[in-house]
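So the sequences go chain by chain: A and B. Heads up: the first sequence begins at 429 in this note's numbering, then just goes up one per residue. Heads up: the second sequence begins at 20 in this note's numbering, then just goes up one per residue. Backbone N, C-alpha and C define an ideal beta-carbon position, used for all residues, glycine too. Everything numeric in this text was worked out from a predicted model, so none of it was measured.
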Amino acid sequence: MPALLRSRAETLAGTLPPLLAEAEHLAATVLLGEHGRRRAGQGDEFWQYRPAHPGDEARMVDWRRSARSDAHFVREKEWQAAQSVQIWVDNARSMTFSGAADHPDKSQRARLLALAVSILLMRGGERVGLAGLTLPPRTGELQLLRLAEAFSAQDPDSDYGSPESRGMLPHSRAVFISDFLGDLAPVEAALTKAADRGVKGALLQVLDPAEEAFPFDGRTIFESMGGGIRHETLKAGELRDRYLQRLADRKARLADLARLTGWHFDCYHTGDSAQPALLWLFRALERQI
Amino acid sequence: MWILGPIGFTAPWLLIGLAALPILWFLLRAVPPAPIRRRFPGVALLLGLSDDETQTDKTPWWLLLLRMLAVAAAIIGFAGPVLNPQVEQEGEGPLLVLIDGTWAGARDWNRSMARVAETLDEATRGARPVAVVNAANLPEDGALAFQAANSWQSRLPGIRPQPWAPDADGLAAWADGLAGRFDTLWLSDGVDHPGRANTLDALRARGAVRVYESPRPVYALRPVQFQDGQIQATVLRARAGRAAAVTVAAIGPDPNGIERDLARVEVEFDAAATEGTVDIVLPPELRNRITRFAVAGQNSAGAVALTDDSLKRREVALIAGRDGREGLELLSPLHYLRQALVPTADLIDGDLQAVVQANPDVIVLADVATLSQTESDALQDWLDGGGLLLRFAGPRLAASDVSRDAEDPLMPVRLRAGGRNVGGAMSWGEPKTLRPFDETSPFFGLDIPADVAVSAQVMAQPGPELAERVIAALSDGTPLVTRKRAGQGQVVLFHVTANAEWSTLPLSGLFVQMLERLAVSTRPAEPVAEDLTGTTWQVEAVLDGFGDLQDAGTLPGVAGETLVTGAVGPDRRPGLYAGEDRRIAVNVIGAEQALAPATWPADVPVEGLAVVRETPLKGALLAAALILLAVDILASLWLTGRLRGQRAAAMALAAAMLVPPQTGRAQSDDALAIQATSEVVLAHVITGDDRVDRIAQAGMRGLSEKLFQRTSIEPAEPIAVDLETAELSFFPFLYWPVTQDQPLPSATAYARLNRYLRSGGMILFDTRDADIAQFGGNSPNGRRLQQIAAPLDIPPLEPIPEDHVLTRTFYLLQDFPGRHPSRDVWVEAAPADAEQAEGMPFRNLNDGVTPVVIGGNDWAAAWATDTSGMQMFPVGRGYAGERQREIAYRFGINLMMHVLTGNYKSDQVHVPALLERLGQ
């Protein structure tokens, strides 16, 4: 299962240009990772030669360059630094819902997106880990395998999941992927805590098309995936407008929360292709890094 | 049965079940449709929402009504409702059963007799005395013999249908003579016969009349006519009203003597027509075998038309001596014979050997003197088998030594040398006329026109047997016609020519009559009473009412005039009558007769044809109940929200499938036509084998490229042709790879292919197996090719000769390799008279283009290139292989040049020789 997830995530990530190629389009000041920050500093890559100032140590002078002219030059390297990204994927029962046979359930898509964005970030040189204390951010192939394994775990007990806000590294980045159909209070708490620690990130709501359209009619008993909650109606079609209104309210609330805490929010449907969602996720993280 | 208005119920007690419907109403009303359980994460958002309307926990009234109707329909259905129930009524007093025992009732005879038996049973129960009378065979004494019904039961099988209609006068007289009161059951045959109304009136005066009539239509067949080589059969029917078709069968013995249907044709009736006519064309051999025609499945004498000699045509072979003077039609020795025989006989042309094989009835030798030994032997064998050899004299016979010293077996008499001329410019005497015919002569009784004169003849050598062999003589006693028996056959010699050179006999009507008497030709079809006056005809076979031929037994002979004029009846039975030398058929239906349906007054009840019939409604009601239940299923699904999404789509799809799909083929056809005709296009046939088709496509592409590079032919992208649908005339050339399991084209596709081949198209057949099989060998592809090509219009073939134009239309070639270098490539054979002219390097071969080229060298694979121009398959090895591929391309180019330029290149090769000649 982890290997399968990994290979499918690689397939999806493979079609996107690597982070390095994408970097040209980014603003000069907000770049992270091995592609550098376009400014002199710590790093391995050559940045520029500048005339030596008084006070520069003699060993800093690049003699090979200086010998070609009369002045002395100092060789500067580009400043490079890596960022930590923590990812939380909802693994509650509600994520296993799929409204039709021709598209996968929500949790499959959520894991796929999470791992794909992990791969992209690691290619860009960032460290990626799970939210919480179990898997701190690291980089490398082994970390990818661990992530794949962790994403595959299923929580059989709870109907709806709540984000993990423990162990957030200050000023790191975070990604929360869930359907956000459960109680919003833990989400609110987690975002507030993240804002306190200077952590920014992206909220991705994954919904099934059936949840977006509510194509039900007639006498129906609705149950949550774990069977914990049930609601009976005699005319399901009558409820559609009110359901959709509540869903829209929830989305607006999430967007508000994200705006207040400096996060990004988007909603993705499992009936659509995964690539636009990945692109959005990737962009959303880029903007903040 | 319980009757309620026009509806009766066979099981009325079941209707009590209808009382249970209100109870059902309350029960159903109390049970709402069951809810669906759905797993749905969005339920968290639904919590706290309540329904606005709450009425659907009860079944809606219209659904209840639907179910009520379904149940009611089922209950009423099982109660056995019958629309227009018929209730039998018993009568009293004596009962007369009158049966129209004619041919028309023969087909349904068993049914009618069953009806009579049933009536007799009823009469037995009611103790009614019964009399049974056959109208076509009235009792002699006229009085009705009322007897106990069960005594008639045992006599029923003896009542048979007669092959004629009731005698109108006799029937009326019999009906008028009846006395007393009685009811009548009349079993009508459905056909109107004269005198029926009178009889009906007489019977109704005596009591109630009921009629039983079979609803099945009655068909009859008129005697067939023979005209212009076609047999015309006319089928009649009594009742028009519906379009129908019946089959007419021509029946006769096959070569083994077993009776079978020699031909079957359909006769169509329009809705309003009571007559249907069909023309039957049969080969003479088959036609002469026919003994009768019958409408299939009718089993009545009226549906049978016996044939006699009028249908038979004798086969006459005409053979003349060598004809030196071409084109002098009126002097041709056979002209007058042909004129005399064409209307009444089938003529056979050909040489003697072939004609004897065909075993004709008569062979005419006009002025043929010498015969080869084999011809003579064959003729003698044929004579022994019963042939008639008719010879005419002439200059050649007179000049020859045939039958001079000894009597030739193929001549009736010995001849004296030279013959004689009388009444000519260089001779004494007048032209001789004919002496009246002797009584022993077959020509006895024929009038001799005064203007028949003989001016030259061959002379018979006197001898002891001469007198008995002469059957016609001139006024001076010299024989004109002599005859000799030979085996079962005979040889007849006319001592004059068959044209008007020696006598005026062939110009006279007497000539035709003499041929007729000799049974060379047959008589006109219709005999008339005067011809037959005073003759007596023996009955050979008679038709019974069912249309079967029966042995005549001891029936007396019939006078000739009755045979032709009288009505069909006991003294002129339908059947075959034999006279001296011919047979005459008497049929039930005359040549002009028509059929009319029996009509009955409105107050006479007619069984079997009842307009108001019992109609059981049980099936219809049960079907309605089922349909209502099906509607109920749909409605329940819809009401509970289960009829959504895919299910609804599936239902809609099922409904849509009932509507036949419309395809926009015409448009794509036009596009193909434009694509194929705007530029030259090579085409290949789709075989159904994907790989072969791809290679063929690639091969055509490769060849197109090479043509483009090297010649002025600039083909467009090749097209794959589906033989079943595509129009072929756009393509100058078709490449047809043959695969083992290729489907055979349909008949219409073959018609298109043949039109294509005839109108200048070319097909290159490629069995692709020259590496393993020789051409014509038994490889699977070769066998398939034979099956495919069998219905095609392909001329005789030969291997490409060295000087075929294909070897030099563009390149000079001697080999035609593809991937395989076999030399077995076949084209249309050169005409047999193609010769190498002096000074010409090549023969002047066929003028056109060969319509097919057949080989197995897998050319397409050698030509095939992929889209980037790379060769797809290796050919041979190394340089030799590349050379082979190059030659393969050259063959393709030569072939296309041959296709596109026609015979121009063929003419072109002769130009140097022509110029050289002009220079001299």
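* Within the same chain, show all residues whose beta-carbon is closer than 7 Å to that of residue 1005 (chain B), passing over the 5 residues directly before and after it, in chain order. => Only positions 20 to 939 of chain B appear in this structure, which leaves residue 1005 (chain B) out of reach.
* Asked: Taking the Cβ atom as the reference point for each residue, do residue 171 (chain B) and residue 149 (chain B) lie within a distance shorter than 8 Å?
  -> On the second sequence, residue 171 (chain B) is found 152 positions in, with the first residue counted as 1. On the second sequence, residue 149 (chain B) is found 130 positions in, with the first residue counted as 1. Yes. Within cutoff.
* Can you list the residues of chain A that residue 55 (chain B) reaches, using a CB-CB cut of under 9 Å? -> The count along the second sequence starts at 1 and reaches residue 55 (chain B) at position 36. Neighbours of residue 55 (chain B) on chain A, chain order: 644, 646, 647, 648, 649, 664.
* To do: Look up residue 551 (chain B) in the DSSP assignment and say whether it is helix, strand or coil.
  => Within the second sequence, the letter at position 532 stands for residue 551 (chain B). In the structure shown, residue 551 (chain B) sits in a helix (DSSP, three-state: H, G or I).
* **Listed by chain order, chain A residues near residue 66 (chain B) by CB distance under 9 Å** => Numbered from its first residue, the second sequence carries residue 66 (chain B) at position 47. Near residue 66 (chain B) (Cβ distances below 9 Å), the residues of chain A are 657, 659.
* To do: Provide the residue(s) that pair with residue 514 (chain A) in DSSP beta bridges, ordered along the chain.
  => Mapped onto the first sequence, residue 514 (chain A) falls at position 86. Answer is A:557, A:602, bridged to residue 514 (chain A).
* To do: Report the residues of the stretch 520 to 531 of chain A with a CB closer than 7 Å to any CB of chain B, ordered along the chain.
  => Along the stretch 520 to 531 of chain A, going in chain order, the ones with a CB nearer than 7 Å to a CB of chain B are 522, 525.
* Taking the Cβ atom as the reference point for each residue, do residue 819 (chain B) and residue 835 (chain B) lie within a distance shorter than 8 Å? -> Within the second sequence, numbered from 1, the residue matching residue 819 (chain B) stands at position 800. Within the second sequence, numbered from 1, the residue matching residue 835 (chain B) stands at position 816. Between residue 819 (chain B) and residue 835 (chain B), the C-beta gap is smaller than 8 Å, which places the two residues in contact.
* residue 781 (chain B): which of B:745, B:702, B:381 sits nearest, CA to CA? -> As a position in the second sequence, residue 781 (chain B) is number 762, starting the count at 1. Minimum Cα distance to residue 781 (chain B) is reached at B:702.
* So which residues on chain B does residue 537 (chain A) lean against when the C-beta distance must stay under 7 Å? -> Counting from 1 along the first sequence, the entry for residue 537 (chain A) is found at position 109. Contact of residue 537 (chain A) with chain B by beta-carbon distance below 7 Å is absent, the smallest such distance being about 14 Å.
* How long is the line joining the alpha carbons of residue 137 (chain B) and residue 766 (chain B), rounded to whole angstroms? -> Residue mapping note: residue 137 (chain B) aligns to position 118 of the second sequence, counting from 1. Residue mapping note: residue 766 (chain B) aligns to position 747 of the second sequence, counting from 1. Roughly 56 Å separates the two Cα atoms.
* To do: Using only alpha-carbon positions, find the residue among B:576, B:908, B:933 that is nearest to residue 719 (chain B).
  => As a working note, residue 719 (chain B) is residue 700 in the second sequence. For the residues B:576, B:908, B:933, the minimum Cα distance to residue 719 (chain B) belongs to B:908.
* Give a yes or no on whether the minimum CB-CB distance between residue 639 (chain A) and chain B is below 8 Å. => Reading the first sequence from its first residue, position 211 is the one you call residue 639 (chain A). Output row for residue 639 (chain A): interface = yes.
* Report yes if the C-beta distance between residue 740 (chain B) and residue 705 (chain B) is below 8 Å; otherwise report no. => On the second sequence, residue 740 (chain B) is found 721 positions in, with the first residue counted as 1. On the second sequence, residue 705 (chain B) is found 686 positions in, with the first residue counted as 1. Yes; because the gap between Cβ atoms is below 8 Å, this pair is in contact.
* Asked: Touch check for the stretch 690 to 707 of chain A and the stretch 627 to 643 of chain A: three-plus C-beta pairs under 8 Å?
  -> Verdict: yes, contact present.
* **residue 665 (chain A) versus residue 23 (chain B) - alpha carbon distance** => The sequence position of residue 665 (chain A) within the first sequence is 237, counting from 1. The sequence position of residue 23 (chain B) within the second sequence is 4, counting from 1. Cα-Cα distance, rounded: 49 Å.
* Would residue 617 (chain B) pass as a contact of residue 211 (chain B) if the rule is Cβ separation under 8 Å? -> In the second sequence, residue 617 (chain B) corresponds to position 598, counting from 1. In the second sequence, residue 211 (chain B) corresponds to position 192, counting from 1. With a cutoff of 8 Å on beta-carbon distance, residue 617 (chain B) and residue 211 (chain B) are scored as near each other.
* Every unbroken alpha helix (DSSP H) within the stretch 76 to 148 of chain B, with a cutoff of 4 residues, ordered by chain -> Whole alpha helix (DSSP H) segments, 4+ residues: 80 to 97, 128 to 145.
* To which residues of the same chain is residue 525 (chain A) closer than 7 Å at the C-beta, ignoring the five residues directly before and after it? -> The count along the first sequence starts at 1 and reaches residue 525 (chain A) at position 97. Cβ neighbours of residue 525 (chain A) beyond the five flanking positions: 533, 534, 636, 653.
* Span of the alpha helix (DSSP H) around residue 657 (chain A) -> Sequence index remark: in the first sequence, residue 657 (chain A) carries index 229 (1-based). Neither: residue 657 (chain A) is in no alpha helix (DSSP H) and is coded neither H nor E.
* Taking all protein chains shown into account, do 16 or more other C-beta atoms lie within 10 angstroms of the C-beta of residue 936 (chain B), making it buried, or fewer, making it exposed? -> The residue given as residue 936 (chain B) occupies position 917 in the second sequence. Classification for residue 936 (chain B): exposed.
* **Short Cβ contact (8 Å threshold) for residue 262 (chain B) with residue 280 (chain B)** => To locate residue 262 (chain B), count along the second sequence from 1; it is residue 243. To locate residue 280 (chain B), count along the second sequence from 1; it is residue 261. Residue 262 (chain B) places its beta carbon 8 Å or farther from that of residue 280 (chain B).
* For residue 400 (chain B), the three-state DSSP class (helix, strand or coil) -> As a position in the second sequence, residue 400 (chain B) is number 381, starting the count at 1. In the structure shown, residue 400 (chain B) sits in a helix (DSSP, three-state: H, G or I).
* Asked: Excluding sequence positions up to five away, which residues of its chain have a Cβ less than 8 Å from the Cβ of residue 581 (chain B)?
  -> Within the second sequence, residue 581 (chain B) is the residue found at index 562, counting from 1. 590, 591, listed in sequence order.
* Output the distance between the C-alpha atoms of residue 301 (chain B) and residue 310 (chain B), rounded to the nearest integer angstrom. => Here residue 301 (chain B) refers to the residue found at position 282 when the second sequence is read from its first residue. Here residue 310 (chain B) refers to the residue found at position 291 when the second sequence is read from its first residue. Looking at the two C-alpha atoms, the distance is approximately 14 Å.
* Asked: Considering only the beta carbon of each residue, do residue 748 (chain B) and residue 737 (chain B) sit closer than 8 Å?
  -> Taking the first residue of the second sequence as 1, we reach residue 748 (chain B) at position 729. Taking the first residue of the second sequence as 1, we reach residue 737 (chain B) at position 718. Not in contact: residue 748 (chain B) and residue 737 (chain B) (Cβ atoms no closer than 8 Å).
* Neighbour list for residue 609 (chain A) in chain B, Cβ cutoff strictly below 8 Å -> Against the first sequence, residue 609 (chain A) aligns to sequence position 181. Annotation: Cβ neighbours of residue 609 (chain A) in chain B (cutoff 8 Å, chain order): 60, 61, 63, 64.
* Buried versus exposed, by CB contacts within 10 Å (16 or more), residue 599 (chain A) -> Looking up residue 599 (chain A) in the first sequence gives position 171. Answer is exposed; the Cβ neighbour count stays below 16.
* Is the stretch 709 to 717 of chain B touching the stretch 893 to 905 of chain B in the sense that three or more CB pairs, one from each, lie closer than 8 Å? -> Here the stretch 893 to 905 of chain B does not lie against the stretch 709 to 717 of chain B, with fewer than 3 beta-carbon pairs under 8 Å apart.
* Asked: When burial is assigned at 16 or more other CB atoms within 10 Å of the CB, is residue 680 (chain B) buried or exposed?
  -> Taking the first residue of the second sequence as position 1, residue 680 (chain B) is located at position 661. Here residue 680 (chain B) scores only 46 on pLDDT, less than 50, and its place in the model is too uncertain to base an answer on.
* With 8 Å set as the bound, which would you pick, yes or no: does the beta-carbon of residue 10 (chain B) sit closer than that to a beta-carbon of chain A? -> Within the shown structure, residues of chain B are numbered from 20 to 939, placing residue 10 (chain B) beyond reach of any answer.
* Quick one, which of B:791, B:237, B:904 has its alpha-carbon nearest residue 940 (chain B)'s? -> Nothing about residue 940 (chain B) can be read from this structure; chain B reaches only from 20 to 939.
* **Three-state class that DSSP yields for residue 908 (chain B) in the structure shown** => If you number the second sequence from 1, residue 908 (chain B) lands on position 889. Of the three classes helix, strand and coil, the one that applies to residue 908 (chain B) here is helix, per DSSP.
* Supposed contact pair residue 486 (chain A) and residue 518 (chain A) - C-beta distance, whole angstroms, cut 8 Å -> One-based indexing of the first sequence puts residue 518 (chain A) at position 90. One-based indexing of the first sequence puts residue 486 (chain A) at position 58. About 58 Å separates the beta carbon of residue 518 (chain A) from that of residue 486 (chain A), a gap too long to meet the 8 Å contact definition.
* Just tell me which of B:435, B:458, B:411 has its CA closest to the CA of residue 422 (chain B). => The residue given as residue 422 (chain B) occupies position 403 in the second sequence. Comparing alpha-carbon positions, the option among B:435, B:458, B:411 lying closest to residue 422 (chain B) turns out to be B:435.
* Asked: Distance, Cα to Cα, residue 706 (chain A) vs residue 86 (chain B)?
  -> Mapped onto the first sequence, residue 706 (chain A) falls at position 278. Mapped onto the second sequence, residue 86 (chain B) falls at position 67. Taking the straight line joining both Cα atoms gives about 55 Å.
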